[in-house]
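Undergrad: Residue numbers (the working numbering): 1 to 97.
If you want it as structure tokens, here you go:
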């Protein structure tokens, strides 16, 4: 039911379950009949939010693991370079250079 401004009485409108209900009083509020008459259970909302948080945390852990692996590989490469330079320096010293 709605009561348009400046009119007497109410106007009846029928909506389908998933149809958006538009309100002249609240033009930015877009809700379906289902959403109004059967809102999500709070526990479901909390579970969905926890799931999203867990996904974000897992993604962050994966990024951190990848960064750690990249840094470890870089460290190993630098260590290998250092050993090769040391071997070259020992060889050159043995030649008297």
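Beta carbons are placed, not taken as given, at the ideal position from N, Cα and C, and that holds for glycine.
#1: Indicate whether residue 36 and residue 13 have their beta-carbon atoms separated by less than 9 angstroms.
#2: Where DSSP assigns a beta bridge to residue 21, which residues make up the other side?
#3: Considering residue 51, what are the terminal residues of the alpha helix (DSSP H) in which it resides?
#4: Write down the C-beta distance between residue 32 and residue 44 rounded to the nearest angstrom, noting that I regard them as a contact closer than 8 angstroms.
#5: Please say whether residue 34 and residue 17 have beta carbons closer to each other than 9 angstroms?
TA: On the basis of the coordinates in this document:
#1: no
#2: 31
#3: 42-94
#4: Actually they do not touch by this definition, with Cβ atoms about 16 angstroms apart.
#5: yes
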